[in-house]
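S.K.: Once you've had a glance at the structure underneath, I'll fire off some questions.
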Amino acid sequence: GENVEQHPSTLSVQEGDSAVIKCTYSDSASNYFPWYKQELGKRPQLIIDIRSNVGEKKDQRIAVTLNKTAKHFSLHITETQPEDSAVYFCAASIRAGSYQLTFGKGTKLSVIP
Amino acid sequence: SAVISQKPSRDICQRGTSLTIQCQVDSQVTMMFWYRQQPGQSLTLIATANQGSEATYESGFVIDKFPISRPNLTFSTLTVSNMSPEDSSIYLCSAYTKGLTFGSGTRLTVV
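Each protein sequence line maps, in turn, to chains A and B. For the first sequence, my numbering assigns the number 14 to the initial residue and increments by one for each residue that follows. For the second sequence, my numbering assigns the number 58 to the initial residue and increments by one for each residue that follows.
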């Protein structure tokens with residue numbers, strides 16, 4: 014089955030710097046790759062997603078890149094703010110064309126004011 | 058994106074009992090998904106709830122332990138049966154509308 018590896022497990026950055034979180038997946042048939050932000054005690058919140066027919070997607074300070082050949086995708090957050098502090102999860106579809114997801118183990122991002 | 062509500066939001070249950078979690082979506086969706094998130098951990102897919110057919114379960118999860126209902130295109134329930142302390146977790150339902158979004162979750166503690 015699909016396996017998703019996520020790195021790093023923790024990340025500390027100064028406010029205003031950029032943060033990058035990387036994930037790799039094992040199943041080349043996966044075609045949907047969402048990213049979630051989870052604040053303490055809250056539900057995972059979808060922040061951006063990308064499909065396998067797209068190499069990059071941006072939404073304001075957030076961008077995701079996908080390299081299908083290498084089977085990895087990355088989340089980039091620019092101009093980080095303290096409210097970006099949270100746990101971030103990457104995920105990949107378990108089956109082509111489905112929204113059944115397998116998740117990475119998460120990255121705890123701390124933005125230091 | 059869809060608004061997904063769950064209830065109860067939390068519960069403390071005795072071992073050996075069962076709890077049914079309800080999930081309501083504000084729009085019709087073909088598939089709904091149930092996930093488990095153990096404390097401080099990632100999310101694991103339990104099963105997919107299909108309207109009009111039996112739920113499909115992921116490896117390690119069985120219908121006798123986690124029976125699921127899907128009576129219509131906006132509603133699903135997950136029952137956690139014959140609970141043990143190892144079932145203590147957050148249970149989340151999700152659905153896809155312009156992105157896969159999650160319900161507010163049910164925090165279950167089994168004592």
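Backbone N, C-alpha and C fix where the C-beta goes; we use that ideal spot for every residue, glycine too.
At which residues does the beta strand (DSSP E) containing A/Lys70 begin and terminate?
M.R.: First-last of the beta strand (DSSP E) with A/Lys70: Glu69 to Asp72.
S.K.: Can you tell me which of the three DSSP states A/Asp97 falls into?
M.R.: A/Asp97: helix per DSSP, three-state reduction.
S.K.: Is the region 79-94 of chain B touching the region 61-69 of chain B, taking contact as three or more C-beta pairs under 8 angstroms?
M.R.: Yes, they touch.
S.K.: Helix, strand or coil for B/Pro142? Go by DSSP, reduced to three states.
M.R.: Correct three-state label for B/Pro142: helix.
S.K.: Let me know if A/Lys71 comes out buried or exposed under the rule of 16 or more other beta-carbons within 10 Å of its beta-carbon.
M.R.: Under this definition A/Lys71 is an exposed residue.
S.K.: Any Cβ of chain A within less than 8 angstroms of the Cβ of B/Met89?
M.R.: Judged by the 8 angstroms Cβ criterion, B/Met89 is not in contact with chain A.
S.K.: Using a Cβ-Cβ cutoff of less than 7 angstroms, which residues in the same chain neighbour A/Glu12 once the five nearest sequence positions on both sides are dropped?
M.R.: Not covered by the structure: residue 12 of chain A. The range shown for chain A is 14 to 126.
S.K.: Answer yes or no: do A/Leu59 and A/Asp97 have a C-beta to C-beta separation smaller than 8 angstroms?
M.R.: No, these two residues do not count as a Cβ contact at 8 angstroms.
S.K.: With a CB to CB cut of under 6 angstroms and the five nearest residues on each side skipped, what residues in its chain are close to A/His89?
M.R.: Closer than 6 angstroms at Cβ, skipping near neighbours: Val33 and Ala76.
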